[in-house]
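The structure under discussion appears below in the form of structure tokens.
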Amino acid sequence: MDLETAVKLPISLALYSFGEGHFEKHHITSISQITSFLAQDHKFWLNISDLENIELLEDIKNIFDIHSLTIEDILNTLERPKVEVFDHFILIVAKMLYTRKGIEDLESEQFSIVFGKNYVISFQEKSFDVFDGIRVRLENPSGKLRKNGTDYFAYALLDAIVSEYYTLLEKVTDKIEVLEEEIVSEEKRVKLSEIYNQRKSIQQLKKVIWPTRELLSTLKKSESFLIKRRTLPFINDIYEQTVEIIENLEMQRESITTLVEIYMTNISLKQNEVMKTLTIIATIFIPLTFLAGVYGMNFKFMPELEWKFGYFIVWGIFIGTAIIMAFYFKRRKWF
Amino acid sequence: MDLETAVKLPISLALYSFGEGHFEKHHITSISQITSFLAQDHKFWLNISDLENIELLEDIKNIFDIHSLTIEDILNTLERPKVEVFDHFILIVAKMLYTRKGIEDLESEQFSIVFGKNYVISFQEKSFDVFDGIRVRLENPSGKLRKNGTDYFAYALLDAIVSEYYTLLEKVTDKIEVLEEEIVSEEKRVKLSEIYNQRKSIQQLKKVIWPTRELLSTLKKSESFLIKRRTLPFINDIYEQTVEIIENLEMQRESITTLVEIYMTNISLKQNEVMKTLTIIATIFIPLTFLAGVYGMNFKFMPELEWKFGYFIVWGIFIGTAIIMAFYFKRRKWF
Amino acid sequence: MDLETAVKLPISLALYSFGEGHFEKHHITSISQITSFLAQDHKFWLNISDLENIELLEDIKNIFDIHSLTIEDILNTLERPKVEVFDHFILIVAKMLYTRKGIEDLESEQFSIVFGKNYVISFQEKSFDVFDGIRVRLENPSGKLRKNGTDYFAYALLDAIVSEYYTLLEKVTDKIEVLEEEIVSEEKRVKLSEIYNQRKSIQQLKKVIWPTRELLSTLKKSESFLIKRRTLPFINDIYEQTVEIIENLEMQRESITTLVEIYMTNISLKQNEVMKTLTIIATIFIPLTFLAGVYGMNFKFMPELEWKFGYFIVWGIFIGTAIIMAFYFKRRKWF
Amino acid sequence: MDLETAVKLPISLALYSFGEGHFEKHHITSISQITSFLAQDHKFWLNISDLENIELLEDIKNIFDIHSLTIEDILNTLERPKVEVFDHFILIVAKMLYTRKGIEDLESEQFSIVFGKNYVISFQEKSFDVFDGIRVRLENPSGKLRKNGTDYFAYALLDAIVSEYYTLLEKVTDKIEVLEEEIVSEEKRVKLSEIYNQRKSIQQLKKVIWPTRELLSTLKKSESFLIKRRTLPFINDIYEQTVEIIENLEMQRESITTLVEIYMTNISLKQNEVMKTLTIIATIFIPLTFLAGVYGMNFKFMPELEWKFGYFIVWGIFIGTAIIMAFYFKRRKWF
Amino acid sequence: MDLETAVKLPISLALYSFGEGHFEKHHITSISQITSFLAQDHKFWLNISDLENIELLEDIKNIFDIHSLTIEDILNTLERPKVEVFDHFILIVAKMLYTRKGIEDLESEQFSIVFGKNYVISFQEKSFDVFDGIRVRLENPSGKLRKNGTDYFAYALLDAIVSEYYTLLEKVTDKIEVLEEEIVSEEKRVKLSEIYNQRKSIQQLKKVIWPTRELLSTLKKSESFLIKRRTLPFINDIYEQTVEIIENLEMQRESITTLVEIYMTNISLKQNEVMKTLTIIATIFIPLTFLAGVYGMNFKFMPELEWKFGYFIVWGIFIGTAIIMAFYFKRRKWF
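Chains as they are written, first to last, in this note's numbering: chain A, 1 to 335; chain B, 1 to 335; chain C, 1 to 335; chain D, 1 to 335; chain E, 1 to 335.
Next comes the structure, spelled out in structure tokens:
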């Protein structure tokens, strides 16, 4: 619980100071430099992508007066997405989900935001993130990001994260449609585990998006002075996006259940066909073989064997039986 | 977020000015003409079926004092149905569902309504809609549409949309009944994917109708001055229709589950029959063939072969065994 | 929406005027005759079994001051059961469910009640109803029906309807028990569709009884002056009956799921048996047939054929192999 | 509804008058004798196990001032468990569940309690009950039953009933464990219907225990002066027991679902084994039989037949093929 | 209900007296020694691992003024986890879950905590527990355990218990992943019962963790003076951990369902393969055997037998048919 002094690590701190008609990017090396920014009129965004420098976090805890459990929430990367409203700041723990290869390689990364009156501090687990768009927009002098407060900035970060969920949802949906195509057309042999991999991706998305929806719902109703009235419609907007995503995930989950059923039925149908082939062949030839066997017997006295056309009559019986059988199977729609 | 100036497109604006004892249809070409209508005593309906003319929407935003997120809601055709009550107007985002060919070709189209004290503006995604009936009723001088306010007009539009859902529900129901008939009678070979197509249609309907129900429930309780007390029973009426449709969809969904089970059982039963045929034939003839084989052996000393009636006795055994077997299968109800 | 003047049809109006120590039955021909009854001290019950006489309904609407949507609710026979409490009257829309042949021929009929201070008007879709018991009880001078108010009378009508649901529930339960008996005993071949027919009946009952339960719950809490305090326990009584029926329906639904599972398992078990029969016969005789075939070969030099007891030794091998096989199958519990 | 005078039946009334330092058992013959007890200081318990003596119930109704619907609730043995709090008494309708043979013969019996300031009247459907322990404890002079009020006595009765549910739950649990043991070990052939019988017992228990839980929850919150504050922890105690039982029933229900799945899988696995046996035998011997058949042909010119070691070469082929086949099946892990 | 005097058993009482700058460990032999500690300034933790010494519990009941039902709750080891807030103390009934061998040998042990202003008494069912970490931390002079109140101490105990749940969850998750690996790769033959054992572990965990979550939720909102404001975030912290565990359990449960489905499908696929092997062999050789049988017949007049190349022609037919059949099966993708 106590954040003891740890080994000093190369820290990665990116600080963007901004405001109407103002934008500066700093690469600070020590946390003490922040104090001067706090006193300024401008807002600033401090992005920390190094959760192992305990000393740094201890400093932040002291400067911004943060509860030690909050720091623990930020450090514990198994945390569920959640929001906590304190008197002088708001903590948002969110999850970035993205994929750098295919939908099967879903990566999850915890992203925590602490924002107060004029600062936004964000903590990311790995160095990769989904905020390049925001960095670009910050440089736009007339953009909303500069004009609005820290609450709008936090919204923008969350918006970027949720947009990524959308992208993933689309990838899963596409993949499921391809699988459906392949299964229904029966052209390519699909492995059941391929279907289940998609189910897993959906589960992972769902596990993240449900608490995110809750988080946004809490944020909407938080009534903190830090969230301005005019930012509420924007928060509501991403809230509705999460609802939309959840509904779509639910539909995709049902699609998968359906796919599995079709898959199973196809197996049954194929087995039926195999069985029919066997049955038709066996049912036709087994009796004929028996008859051939009869006339292969070596009894002394077998009158038919002496008949002149015996052999041909037997062939007639063979062919006749086969034809009758074929008709019978035809009528029962076996082929 | 900012609605920048876009290329000017041929716009499609239809404006109907109406009131008690008054009805005029205008084809306006520029949005500035609307201002004069706003000042009039009559109500008017402006229907816009061109969501790509950004400049037009920008004008509307300014004239009617609409939040930019509202315009985004109208433009984003992936929006869920919803209602938003503002001080001076109400936004309703609904979905038209219709089919111009068969139930398999379900088309979805977003339809947004913004209505204030004396205007109704509607935005449709495509040029097709389901409001021909309303256009006819507007021309009827003693009709309710003319007498009542804009809230009643908005109700009429929603009513037309929900009626279409009913029509679709009936089509799905009919199709499912046909499939049930075919599967139970086993006359026609139904493909499993045909059943699942219906399940998909139901899913699509459900996805639209659930939020529509919510929308209407919110509208009922909105307490906006824009919705008059005497319009409430009408809104409640379509609200109850959506409940009715949802219940029916649920029943149809269960019917499909049942159909799939019957389908699967039929496959199993058919396989059982195939297996029985094989087993009966094989079980009767395999032992007989063996016996025929025995007397086809070439041992020097095989006493039976010398018997005068050996051959006929063997035939007796053949026929006897076959009859006993047949009785055995009969008793076990195999055929 | 406007109830235009329609063709005059032969109307069927039955009016019962009653009160303590008073009972009269009238066959009125015109609705205007009702006005005189309204002024009387006695209560009256007007039962209308003709929903196509629009003029009549228009008259009723005017005399009793009923909203036009209420009349529509009465006319629209697809309405869900519901209650609506107005200032001077209460509307109850209920569904009679009954069967005149077997449980497979479930008939549904909408029954609406409008009751005020001293009148009960009921509208039925068809001429058949379930109220013969009420007509008899009305003639009993000391019965509760005469002594109590119109609320008690409405209760009595609903009670008769809900009792009928009970009867249907019992019929379904009996039928399911018969099916269970047949399936478990495997005596009679049951078709899967028979089981599903019962599921359908349950669905139909459920679809009606759920909103009826809601209706009664609303009625209990309505706090209308039209419902006297001492009638509440009676309403609560049928409310509890609906809860009881719903629970039983749920249990029956589960029973059906179980039945289907047993049915499926029986198919599998039967197939297993068929397969075993085939396998036993084939596994015993195929190797023997091979051996017989071997000694049926025509090689010049086959020493065994010359042996004196060759034939009998081979028979020994045949019988020995068969016995060993039989033991093997016995040990594996195949028969 | 009116409780008309019925035939006089031999009544079974047991009356226990008790209090601190006082206990008497009376066999009263007429209900009028009760009036004297009512005036006494002591409390009394009147147990009636004869619900067909209508006159008796009519008397009780009058003496204790009970609503006629309450009497109906007591008489209608299909009632769900419930509690009704009146001004001067509390009605509890509960269900005794017990088994006198095995868990398959679950018996249900309605048990109603009416208790006021100094009396507890109980009505049981049959003469058997689960209250012998209470009768014994009543005779204990220092027991809590004597010291506490009628609310504690009613609690004690309910406690005895709920304890019996526990016993039943344990019996079902034991039986399911035995079935699981038998199915997993595959030693004994279990019939699917045996599993489903347990599911039925669970359903029956659940149907009774859910409303009992509700009943106890209502009782806890009733705030009637008849229920003393110090009795509440005891009521809460059995309330928690019902919650515990419900959870366990839920777990047992899941266990059964699992059992059915294992059962089904076992059938499939067994079928697989049967099929494999057939396939191995047939696949080995059918080609060999063919070869034997070839050398059984009677062509004039068949060079192999003349070879000296032809016969032995063929045997070599027979054995070689069989060994290769066996290896093939071994490698595919078929046996 | 009355805790009668029982046989005296060797008691196991461990008492830790602690406070800021103070820590002592006592092995007391009689409960009367506790009274002196109660009067002290320091807090103390009394851990009792002997629930069969009734006399001891009776003493505790009297000294700490505890309700007899509370003692029953502690003694009844089938109790669900719960919290009860009394005026002068709080009772927490929790369950330790741990495994000393493998995840299949899950052990459950009831652990009850009673804490007041300056004492924490804990009751454990067996002598094993999960609190070694706490005992070590108590000895740390500057640790939070010593500085904070009894509420923080109770939190620490619960925290240790919930951490153990996490460990178990991880073990189950690992085991399921191993099973999934084995099933998908089809390398090792997995028994269905192994999968179901994991489902059982999940059920057991779920049964304990759900009420624990409730318990913590109640504790958070208890508003007892015994729980200080600064302890609330810590309680909330383990509350969120339980939510996290529940979600993960839910995901694992779904994984198991998926595993069972894959398992079933694998059985079906294997059966399909077996059937195909049989069908291919039988379909090729049965007709050939028939043909061989034909030329094994002993008819006097069979012209083909006299042909010089008859035998070779027949071999040609044999090989030709086999090749055609093989092509046919190849085209149908049977191998």
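Note that CB positions come from ideal geometry on N, CA and C, so glycine has one too. All of these numbers come straight from a predicted model, not from anything done at the bench.
Flag this pair as touching only if the segment 228–246 of chain D and the segment 273–289 of chain D have three or more C-beta atom pairs under 8 Å; answer yes or no. no
Relative to the alpha-carbon of I313/D, which residue among I319/C, K101/C, V294/C and V136/C has its alpha-carbon at the smallest distance? In the fourth sequence, the residue the question calls residue 313/D occupies position 313. Nearest of I319/C, K101/C, V294/C and V136/C to I313/D, Cα basis: V294/C.
Going along chain C, which residues have a C-beta under 9 Å from D237/B? As a first step, residue 237/B must be located in the second sequence, where it is residue number 237. Per Cβ cutoff of 9 Å: L69, E72 and D73.
Could you compute how far the alpha carbon of Y98/E sits from the alpha carbon of A156/A? Position 98 of the fifth sequence holds residue 98/E. Position 156 of the first sequence holds residue 156/A. Each residue's Cα considered, the two are about 45 Å apart.
Distance, Q252/C Cα to I246/D Cα: Here the question's residue 246/D lines up with position 246 in the fourth sequence. Here the question's residue 252/C lines up with position 252 in the third sequence. Approximately 20 Å between the Cα atoms of the pair.
Please list the residues of the segment 273–296 of chain A that have a C-beta atom closer than 8 Å to any C-beta atom in chain B, keeping them in chain order. M275, K276, L278, T279, A282, T283, I286, P287, T289, F290, G293, V294 and G296
Roughly how many angstroms separate the alpha carbons of E55/D and N248/D, rounded to a whole number? Taking the first residue of the fourth sequence as 1, we reach residue 55/D at position 55. Taking the first residue of the fourth sequence as 1, we reach residue 248/D at position 248. Rounded to the nearest angstrom, the two C-alpha atoms are 43 Å apart.
Along the chain, where does the alpha helix (DSSP H) that runs through E177/B open and close? Translated into positions along the second sequence, residue 177/B becomes position 177. From DSSP, the alpha helix (DSSP H) with E177/B extends over T150 to S185.
Which residues of chain A have a Cβ atom closer than 8 Å to the Cβ of V184/E, listed in chain order? What you label residue 184/E is simply residue 184 of the fifth sequence in a count that begins at 1. Those within 8 Å of V184/E in chain A are S193.
With a cut-off of 8 Å, do at least 3 Cβ pairs link the segment 26–34 of chain E to the segment 106–117 of chain E? no
Distance, K220/E Cα to L342/A Cα: Residue coverage of chain A in this structure runs from 1 to 335, which leaves residue 342/A outside it and unanswerable.
Anyone know if the C-beta pair for Y311/D and F301/C falls short of 8 Å? The count along the fourth sequence starts at 1 and reaches residue 311/D at position 311. The count along the third sequence starts at 1 and reaches residue 301/C at position 301. Contact: yes.
Do V114/A and I121/A come within 8 Å of each other at the CB atom, strictly closer than that value? Here the question's residue 121/A lines up with position 121 in the first sequence. Here the question's residue 114/A lines up with position 114 in the first sequence. A contact, by the Cβ cut-off of 8 Å.
If you count every other CB in all the chains shown that lies within 10 Å of the CB of V136/B, and 16 or more means buried, which is it? As a position in the second sequence, residue 136/B is number 136, starting the count at 1. V136/B should be labelled exposed.
Taking Cβ-Cβ distances shorter than 9 Å, what residues in chain D pair up with I90/E? As a working mapping, residue 90/E is identified with position 90 in the fifth sequence. Within 9 Å Cβ-Cβ: nothing; I90/E doesn't reach chain D, min ~15 Å.
Check the Cβ-Cβ distances between Q40/B and every residue of chain A, and say whether any is below 8 Å. Taking the first residue of the second sequence as position 1, residue 40/B is located at position 40. So no, Q40/B is outside the interface.
Straight-line Cα distance separating R199/A from I202/E: For this step, residue 202/E is matched to residue 202 along the fifth sequence. For this step, residue 199/A is matched to residue 199 along the first sequence. Those two C-alpha atoms are separated by around 20 Å.
Which of helix, strand or coil does DSSP assign to L192/E? By one-based count along the fifth sequence, residue 192/E stands at place 192. Here L192/E sits in helix by DSSP.
Listed by chain order, chain D residues near Y328/E by CB distance under 7 Å: By 1-based counting over the fifth sequence, the position of residue 328/E is 328. Residues of chain D passing the Cβ test: none, with the nearest at roughly 18 Å.
Count the other CB atoms within 10 Å of the CB of P303/E; is the residue buried (16 or more) or exposed (fewer)? On the fifth sequence, position 303 is the one that residue 303/E refers to. Per the 10 Å Cβ criterion, exposed.
Of all the CB atoms in chain B, is at least one closer than 8 Å to the CB of N298/C? In the third sequence, the residue the question calls residue 298/C occupies position 298. Interface residue, yes.
Consider the Cβ of R213/A: report whether some Cβ of chain E lies at a distance smaller than 8 Å. For the purposes of this step, residue 213/A is taken as the residue at position 213 of the first sequence. No, R213/A lies away from the interface with chain E (no Cβ there is under 8 Å from its Cβ).
Nearest-angstrom Cα separation, counted from L106/C out to I74/C: Here residue 74/C is taken as the residue at index 74 of the third sequence, counted from 1. Here residue 106/C is taken as the residue at index 106 of the third sequence, counted from 1. The straight-line gap from Cα to Cα measures roughly 21 Å.
Going along the chain, which residues of its own chain have a beta-carbon closer than 7 Å to the beta-carbon of D41/A, five neighbours each way excluded? Taking the first sequence and counting its residues from 1, one reaches residue 41/A at position 41. Here the set comprises G19.
Select from L192/A, F44/A, Q33/A and A292/A the residue whose C-alpha is nearest the C-alpha of E24/A. Position 24 of the first sequence, counted from the start, is the residue given in the question as residue 24/A. Comparing Cα positions, the closest option is F44/A.
Boundaries of the beta strand (DSSP E) in which K82/D is found, first to last residue: For the purposes of this step, residue 82/D is identified with residue 82 of the fourth sequence, where counting begins at 1. From DSSP, the beta strand (DSSP E) with K82/D extends over K82 to V85.
Using a Cβ-Cβ distance under 8 Å, would S217/C count as near chain D? Start at 1 with the first residue of the third sequence, and residue 217/C comes out as number 217. It does not; no Cβ of chain D falls within 8 Å.
For S112/C, three-class secondary structure by DSSP: Within the third sequence, the letter at position 112 stands for residue 112/C. Strand at S112/C.
According to DSSP, what are the bridge partners of H27/E? Reading the fifth sequence from its first residue, position 27 is the one you call residue 27/E. Looking at the DSSP assignment, H27/E forms no beta bridge with any residue, so it has no partner.
Got a sec: is the Cβ-Cβ distance from M1/B to anything in chain A below 8 Å? Locating residue 1/B in the second sequence gives position 1, counting from the first residue. For M1/B, the pLDDT reaches just 32, beneath the cut-off of 50, and the residue's location in the model is therefore unreliable, leaving the point undetermined.
Taking buried to mean at least 16 other C-beta atoms within 10 Å of its own C-beta, is K188/D buried or exposed? The residue given as residue 188/D occupies position 188 in the fourth sequence. Classification of K188/D: exposed, given that the 10 Å Cβ count is below 16.
Kindly indicate if chain B contains any beta-carbon less than 8 Å away from that of S268/A. Position 268 of the first sequence, counting from 1, holds the residue named residue 268/A. Interface residue, yes.
Are the beta-carbon atoms belonging to I238/B and D159/B less than 8 Å from one another? One-based indexing of the second sequence puts residue 238/B at position 238. One-based indexing of the second sequence puts residue 159/B at position 159. Going by C-beta atoms, I238/B is nearer than 8 Å to D159/B.
What are the boundary residues of the beta strand (DSSP E) that includes L78/B? For the purposes of this step, residue 78/B is taken as residue 78 along the second sequence, with counting starting at 1. Unbroken run through L78/B: none, as it is neither H nor E.
Given V162/C as reference, the closest of K191/C, L192/C and F131/C once Cα atoms are compared: Start at 1 with the first residue of the third sequence, and residue 162/C comes out as number 162. The shortest C-alpha separation from V162/C is found at F131/C.
By alpha-carbon positions, which one of E240/B, K191/B and K276/B ends up nearest to L259/B? The count along the second sequence starts at 1 and reaches residue 259/B at position 259. Closest by alpha carbon: K191/B.
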